[in-house]
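Working notes, beginning with the structure itself.
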Amino acid sequence: MTMKSSNPFLKNKSFSPTTNVYGANTYQEVIDYNNTMTVNGAINKSFLLLVLLLGGAASTWVMAYNGMNPFGLMITGAIAGFIVVLIAAFKPKYSPYLAPAYAVLEGLFIGGLSAFIEVMYPGVAIQAVGATFVTFIVCFALYRFKVVKVTEQFKSIAIAATAAIATFYLISWIVWMFTGSYLIGHSFRDNSLMSIGISVFVIVIAAINLFLDFDMIEQGAQRKLPKYMEWFGAMGLMVTLVWLYIEFLKLFAKIAGRD
294 MTMKSSNPFL KNKSFSPTTN VYGANTYQEV IDYNNTMTVN GAINKSFLLL VLLLGGAAST
354 WVMAYNGMNP FGLMITGAIA GFIVVLIAAF KPKYSPYLAP AYAVLEGLFI GGLSAFIEVM
414 YPGVAIQAVG ATFVTFIVCF ALYRFKVVKV TEQFKSIAIA ATAAIATFYL ISWIVWMFTG
474 SYLIGHSFRD NSLMSIGISV FVIVIAAINL FLDFDMIEQG AQRKLPKYME WFGAMGLMVT
534 LVWLYIEFLK LFAKIAGRD
């Protein structure tokens, strides 16, 4: 089965069947069992990355509430984090070093962003954190107990929807560059019902990506991929969780703006 993911980070040849070190008819590489990817290993590394991300977020959050401007660190974290993801996508062997760096850098970005939004709409940050945590637990339970099965059709729909969202955001960014205005649904300040509906739709697609990420990690373990792929898979999961959190933050800001 060809493994695909609408998560841009996990959509990488490193997770393709050709990476299986114990192919049925081919021999590629001998890797000791202790040096192969496991689900538990990926989960443990995901928790470690989450701690690092929260640490980075706390630093820019505290800066903002102490009267310092975290904007420079925010932008640095966002740009550097994106670069780190691109490097890891092409060089997954460096994931044990790149994944922790990504977590800290992305933490700097979302910590500062959350502080700015919290000043405008008090309470939305903790709401977004809670909603992201609950969504993750629910999706994990649905996947764990096979209530939701990741079929090829499921993957195709998720990939198409995510590609559509990415295209919409890209066009909106280009429009903003030339006009200073966002397309409907993209801005935190756009609190129209249509904009809120778009945010809800994007959150659903981000949540669906979690199922694909769980499936990626499980299949990677079944194929006995190299140990460093645990970091790669955990990093991919963090990418989706950060996306999900930002979309929840945007949604609750829009709702608060209508009050």
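Numbering (our numbering), first residue to last: 294 to 552. C-beta: ideal position from N, C-alpha, C; glycine also.
Out of V532, M528, F507, I419, state which residue places its alpha-carbon closest to the alpha-carbon of I430. When each option's Cα is compared against that of I430, the closest is F507.
Measuring only the C-alpha atoms, how far is I410 from D483? Approximately 13 Å between the Cα atoms of the pair.
Please classify P519: does DSSP put it in a helix, a strand, or coil? DSSP, reduced to helix, strand and coil, places P519 within a strand of the structure shown.
What does the alpha-carbon distance come out to for the pair F383 and R551? Taking the straight line from one Cα to the other gives about 43 Å.
Mapping the DSSP letters down to three states, classify T331 as helix, strand or coil. In the displayed model, T331 falls within coil according to three-state DSSP, outside both helix and strand.
Examine chain C for any beta-carbon lying closer than 8 Å to the beta-carbon of V493, and answer yes or no. Although the question refers to chain C, the structure presented lacks it and comprises just one protein chain.
C-alpha distance - P389 paired with M522, whole-angstrom precision: Counting only the Cα atoms, M522 lies some 9 Å from P389.
State buried or exposed for L537, treating a residue as buried only when at least 16 other CB atoms are found within 10 Å of its CB. With 16 or more other Cβ atoms within 10 Å, it is buried.
Through-space distance from S465 to F471, alpha-carbon basis: Each residue's alpha carbon lies about 10 Å from the other.
Chain-order list of residues whose beta-carbon lies under 6 Å from that of W354 (same chain, five-residue window excluded): Hits under 6 Å: G404, A408.
Assuming A549 and Y358 are in contact, meaning their beta carbons sit under 8 Å apart, how far apart are those beta carbons, in whole angstroms? Going by Cβ atoms, the distance from A549 to Y358 rounds to 19 Å, so no, they are not a contact pair.
Give the secondary structure of N484 by DSSP, where H, G and I count as helix, E and B as strand, and everything else as coil. N484 falls in the coil class under three-state DSSP.
Member of K543, M531, V468 whose CA lies at the smallest distance from the CA of F481: Nearest of K543, M531, V468 to F481, Cα basis: K543.
7 Å Cβ shell around M367 - same chain, five flanking residues per side excluded: Taken in chain order, the residues that qualify are T353, L401, F402, G405, L406.
Any chance you could list the alpha helix (DSSP H) runs of at least 4 consecutive residues sitting entirely within the segment 352-385, in chain order? With a minimum length of 4 residues, the unbroken runs of alpha helix (DSSP H) contained wholly in the segment 352-385 fall at 364-383.
Quick one: what does DSSP say G526 is sitting in, helix, strand or coil? Helix at G526.
Tell me the rounded alpha-carbon separation between S485 and N362. A straight line joining the alpha-carbon of S485 with that of N362 spans about 30 Å.
Status (buried if at least 16 other CB within 10 Å, exposed otherwise) for F438: Answer is exposed; the Cβ neighbour count stays below 16.
Among Q515, S449, F545, W524, which one has its Cα closest to the Cα of I491? The shortest CA-to-CA distance from I491 to any of Q515, S449, F545, W524 is the one to F545.
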